[in-house]
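K.L.:
Quick note on our numbering: the sequence shown kicks off at 37 and runs consecutively.
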Amino acid sequence: MTLPLSITLYVLFIIAAYLMGSISSSILLGRAFYGIDVREYGSRNPGANNTQRVLGWKMGLLVLAFDILKGAAAASLVFFLPFPKETNGFVGTQLVFGSAAILGHVFPIFHNFKGGKGVATMCGVLLAIHPFAVLICTAIFCVTLFITRYVSVSVIAAVTCFPFLVNTLFALWLDPKETLVIKIFSIVAGCTIWLCHISNLKRLYHGKEEKFVVKKPLKEKSCPLPPRGNK
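1. What residues in its chain sit with their C-beta under 7 angstroms from that of lysine 247, if we drop five residues either side in the sequence?
2. Who are the Cβ neighbours of glycine 78 in its own chain at under 6 angstroms, not counting the five residues just before and after it?
3. Using the beta-carbon count (16 or more within 10 Å), is phenylalanine 149 buried or exposed?
4. When you compare the CB positions of leucine 201 and alanine 169, do they come within less than 8 angstroms of one another, or not?
5. Can you list, in chain order, the residues of its chain with a C-beta nearer than 7 angstroms to that of isoleucine 176? Leave out the 5 residues immediately preceding and following it.
6. Taking histidine 147 as the reference, give the member of Val74, Leu100, Lys251 and Trp230 with the closest Cα.
7. Quick check on glycine 83: does DSSP put it in helix, strand or coil?
8. What first and last residue would you give for the alpha helix (DSSP H) that runs through phenylalanine 200?
9. What first and last residue would you give for the alpha helix (DSSP H) that runs through phenylalanine 133?
10. Helix, strand or coil: which one does DSSP assign to leucine 117?
11. Given this structure, state the Cα-to-Cα distance separating threonine 44 from leucine 139, to the nearest angstrom.
12. Restricting to Cα atoms, I'd like to know which of Phe115, Lys153, Val189 and Ile220 is closest to lysine 238.
13. Reducing DSSP to helix, strand and coil, say where leucine 216 ends up.
14. Where proline 118 and leucine 181 are concerned, what is the direct C-alpha to C-alpha distance, given to the nearest angstrom?
15. Just checking my contact of leucine 113 with phenylalanine 49 at CB under 8 angstroms: how many whole Å lie between their CB atoms?
16. Pick out whichever of Ile72, Tyr241, Gly152 and Ser135 has its Cα sitting closest to the Cα of serine 222.
17. Three-state secondary structure (DSSP) at valine 47?
18. With distances taken Cα to Cα, identify the nearest neighbour of isoleucine 57 among His166, Ile172, Trp230 and Lys153.
19. According to DSSP, simplified to helix, strand and coil, what is histidine 147?
20. Once the 5 residues before and after leucine 141 are set aside, which same chain residues still bring their CB inside 6 angstroms of it?
21. Where does aspartate 73 sit, in a helix, a strand or coil, going by DSSP?
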């Protein structure tokens, strides 16, 4: 394959990954089954947690699964490129495609660039690269959630631990050059998620952050809550 064609294919896959990330199941399911935009309810975040808070746990699980799946699918686009898994840059390419999907989730072109925080999508990206590290982070998330009952705190705890896991698990798994790439990604992604959760931390400080409670599924086309006022 010629270099121009390879570059063209690479760019097209980045665009495809961004478009995949831009598909917000939370917004689409809310509109299709309840006639609402979840961005006008609860925390206004079109993610799995706010979806289950507003629409019930079944919809929350569907959104969580879809967001993880699209991150994993974006990272897996690398398998359609003409180079083997052992090639240097394989994991870096997975992270580029995955980052495009995360960017699409946070700034979705199909939904006026107002999306979620990208946590589940990032989880899907990393799941495609190193499932064991994701399982450990998931365990940290679950333990923190059990203790605090705050999803935001649990997410921050998990992503804060991830760079430390990179220095141990990934160092044993990947080529040193690939390890450096994943280290940089883990730090940048962690800082980004911290920034995305500033509003949650402010509500937590003022005692206004909602604790995690499993909500019952709602009947279709029922309006769950009055929309929040303008911030």
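Virtual Cβ for every residue (Gly too), placed ideally from N, Cα, C.
P.N.:
On the basis of the coordinates in this document:
1. Arg185 and Tyr186
2. Asn86, Arg89 and Val90
3. Burial state of phenylalanine 149 is exposed, judged by a 10 Å Cβ sphere holding fewer than 16 other Cβ atoms.
4. Yes, they are a contact pair.
5. Ala193, Ala194 and Cys197
6. Closest option to histidine 147, Cα to Cα, is Val74.
7. coil
8. Boundaries of the alpha helix (DSSP H) around phenylalanine 200: 187 to 201.
9. 126 to 142 is the span of the alpha helix (DSSP H), which, as asked, contains phenylalanine 133.
10. coil
11. 20 angstroms
12. Val189
13. helix
14. Inter-residue distance for proline 118 and leucine 181 is about 42 angstroms (C-alpha atoms, whole angstroms).
15. 5 angstroms
16. Ser135
17. helix
18. Note that residue 57 corresponds to glycine in the displayed sequence, not to isoleucine. The option with the nearest alpha carbon to glycine 57 is Lys153.
19. In the three-state reduction of the DSSP assignment, histidine 147 falls in the helix class, which pools H, G and I.
20. Residue 141 is actually histidine in this sequence, not leucine. Around histidine 141: Gly57, Gly151, Gly152, Gly154 and Thr157.
21. coil
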